[in-house]
Amino acid sequence: MKNKVSARGEVCHKLIEKIVKERHKELDVLKMESKEILQNQKKKIEAIIGKINEEIKNATKLQKVKNIIEIQKFGYIQEELDVILYTLPGFYECQIDEKDLQIYFGFIEKPYENKVTFIEKKKTSSEVGETAKPKVPTVSCVIDTGFPTNETNESRLYGLAVTNDMKLWVLGSNMELKLFDFKGNLHRTMTNKCEGVHICIQNGHIVFSDTLKNTVKRISENDTVTKLFTTGTWQPYGITATASGDLLTCLLKDYQSKVVRYSSTGTVLQEIQYDSQCQPLYNIALYVAENVNGDIVVTDYKTKKLIAVDRFGIFRYSYSGKNKDFDICSVATDSVGNVFITDYEGDKVHLLDGDGHFLRYIVPDEGLSRPRAVSIIDDELCVGECKTGLVKRIKIY
110 MKNKVSARGE VCHKLIEKIV KERHKELDVL KMESKEILQN QKKKIEAIIG KINEEIKNAT
170 KLQKVKNIIE IQKFGYIQEE LDVILYTLPG FYECQIDEKD LQIYFGFIEK PYENKVTFIE
230 KKKTSSEVGE TAKPKVPTVS CVIDTGFPTN ETNESRLYGL AVTNDMKLWV LGSNMELKLF
290 DFKGNLHRTM TNKCEGVHIC IQNGHIVFSD TLKNTVKRIS ENDTVTKLFT TGTWQPYGIT
350 ATASGDLLTC LLKDYQSKVV RYSSTGTVLQ EIQYDSQCQP LYNIALYVAE NVNGDIVVTD
410 YKTKKLIAVD RFGIFRYSYS GKNKDFDICS VATDSVGNVF ITDYEGDKVH LLDGDGHFLR
470 YIVPDEGLSR PRAVSIIDDE LCVGECKTGL VKRIKIY
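Listed below in structure tokens is the structure:
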């Protein structure tokens with residue numbers, strides 16, 4: 110690992126040396142150009158000085174002549190002289206922020222547990238035949254969150270997040286947060302006084318994006334809201350907790366988007382904004398999730414695409430649906446690396462494998478109505494219907 114860090118350091122040193130050589134070349138070119146300009150200016154000034162000296166001689170001669178007619182004929186030469194205020198080249202140092210430098214250099218990913226089963230029960234041929242065919246998704250649980258309808262857009266349910274103790278936090282249009290179990294029992298209700306529709310669970314606490322105040326906040330057990338960190342001039346949207354305990358947040362400013370990895374204390378660890386050709390990866394990054402292989406998957410509201418990059422921010426693949434009516438919304442991943450995308454207008458969920466290949470649509474017999482929020486619990490799907498306010502737990506395997 111240290112060898113990799115050292116190699117990264119060598120790459121950075123070579124890049125700096127390359128930049129220094131380029132600046133030296135620029136200065137050499139400017140030196141030649143400046144010398145030529147100054148020499149031309151010198152010749153022009155010397156020529157004008159010569160003419161002025163000639164006129165001075167003529168004026169001196171006329172002082173000795175008392176011929177009025179000759180004096181009246183005398184007139185000085187008026188020649189326009191262009192004065193060039195020429196500044197010498199200068200080098201202006203850009204202040205290097207140590208935090209920014211650390212972002213571009215790279216970060217150390219913390220180790221995390223990933224359970225792998227090495228010994229599995231051998232399946233019979235009949236069992237293999239059954240599992241080869243995808244099962245019809247079935248709804249095992251329906252929770253009516255009871256959120257009122259938003260008069261502006263007729264929305265009820267915005268976000269959801271599953272807790273470690275198998276409960277479900279849901280965020281509604283009236284900015285209320287409710288905690289349900291999967292029997293539909295309501296355990297807690299609290300008012301979210303901040304503007305934000307994106308929530309996640311980090312270390313057992315609710316974390317959400319406050320888009321009005323450009324902050325990420327946490328709600329403690331006693332319903333106290335505390336500020337984790339600010340996002341500067343960027344508005345935070347989609348947010349998720351990673352396996353290593355960091356936070357990935359979608360940020361938006363002036364029609365630019367990026368995904369930033371923050372530590373639990375708010376230190377910027379990584380910024381993902383451009384591809385290898387220095388082109389923007391995102392237009393309006395809305396929701397984000399981390400896959401089990403470290404991939405970062407983001408839904409883009411404007412381009413209607415899912416964009417996946419690896420843990421280092423290098424582009425892997427994109428998915429734009431199977432038809433033109435794909436209305437991408439939120440995203441989640443399961444323990445084997447599958448990707449689930451809610452299709453809001455299409456009333457279904459798109460299932461992809463870990464490499465972005467389409468597998469199938471997920472639509473239970475009961476159907477889905479404007480699915481927005483999505484989460485995974487024990488490899489079952491939890492889908493929040495925006496306009497009905499219902500949460501459906503769906504068995505897909």
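Per my numbering, the sequence shown starts with residue 110, numbered consecutively. Virtual Cβ for every residue (Gly too), placed ideally from N, Cα, C. Predicted, not measured: the structure shown is a model, and the values here were computed from it.
Taking Cβ positions, are residue i and residue j nearer each other than 8 Å?
i, j, result
"S282", "F256", "yes"
"S481", "T442", "Reading the sequence as shown, one finds Arg at residue 481 and not Ser. Result no, Cβ atoms of R481 and T442 do not sit closer than 8 Å."
"R545", "L360", "Nothing can be reported for residue 545: it is not among the residues displayed for the chain, which extend from 110 to 506."
"L356", "Q311", "yes"
"C491", "L337", "no"
"G498", "D253", "yes"
"G354", "S373", "yes"
"S429", "T408", "no"
"R327", "I315", "yes"
"V472", "L461", "no"
"M299", "L280", "no"
"K501", "V251", "yes"
"Y506", "K244", "yes"
"S249", "K496", "no"
"G463", "G476", "no"
"I423", "V368", "no"
So, helix, strand or coil for residue i, using DSSP?
i, result
"H133", "helix"
"H122", "helix"
"F421", "coil"
"S427", "strand"
"I157", "helix"
"T226", "Caution applies to T226, whose pLDDT of 45 falls short of 50 and renders its modelled position unreliable; the model cannot decide the point."
"T272", "coil"
"Q509", "The question about residue 509 has no answer here: the residues shown for the chain are numbered 110 through 506."
"E475", "coil"
"S249", "strand"
"L321", "coil"
"V279", "strand"
"K413", "coil"
"E142", "helix"
"T169", "helix"
"E163", "helix"
"L147", "helix"
"I128", "helix"
"R117", "helix"
"K504", "strand"
"K244", "coil"
"K457", "strand"
"K111", "helix"
Can you list, in chain order, the residues of its chain whose CB lies under 8 Å from that of residue i, leaving out five sequence neighbours each side?
i, result
"P389", "Q365, S366, Q382, Y383"
"E236", "Confidence at E236 is low in this model, with a pLDDT of 42, below 50, so its placement is unreliable and no value can be given for it."
"D436", "K413, D452, Y453, E454, G455"
"Y346", "H307, S318, T320, T358, C359, L360, L361, A394, L395, Y396"
"K152", "none"
Within its chain, find whatever has a CB closer than 6 Å to the CB of residue i; leave out the 5 residues flanking it on each side and keep chain order.
i, result
"K411", "N392, I393"
"H122", "none"
"T324", "K336, T339"
"G341", "none"
"T226", "Reliability fails at T226, whose pLDDT of 45 lies under 50, so the model's placement of it is uncertain and the value that follows must be treated cautiously. The answer is none, since no qualifying residue turns up."
"P246", "I471, P473, I503, I505"
"E126", "none"
In terms of residue numbering, what span does the beta strand (DSSP E) encompassing residue i cover?
i, result
"C438", "437 to 442"
"F467", "467 to 471"
"F291", "Where F291 is concerned, there is no enclosing beta strand (DSSP E), given that its DSSP letter is neither H nor E."
"F98", "A question about residue 98 goes unanswered here, because the residues of the chain that appear run from 110 up to 506."
"A482", "480 to 486"
"I310", "308 to 311"
"R265", "Neither: R265 is in no beta strand (DSSP E) and is coded neither H nor E."
"L361", "356 to 362"
"I381", "377 to 381"
"T349", "344 to 350"
"V397", "394 to 399"
"V492", "489 to 494"
"V334", "334 to 339"
By Cβ distance below 7 Å, which residues in the same chain neighbour residue i in space, the five residues on each side in sequence not counted?
i, result
"G344", "In the sequence under discussion, the amino acid at residue 344 is Gln, which differs from the Gly named in the question. Counting only Cβ-Cβ distances below 7 Å, and skipping sequence neighbours, we find T320, N323, L360, L361, K362."
"S444", "V401, D488"
"T351", "L357, E399"
"V306", "Y267, G268, L280"
"E155", "none"
"C309", "A270, V316, I348, T349, A350"
Compute the minimum distance between the beta carbon of residue i and the heavy atoms of the ligand MN, and state whether it is under 7 Å.
i, result
"Q386", "Looking for the ligand MN in the displayed structure turns up nothing, as the structure carries no ligands at all."
Please determine if the stretch 459 to 474 and the stretch 422 to 436 are in contact, where contact requires at least 3 C-beta pairs separated by less than 8 Å. yes
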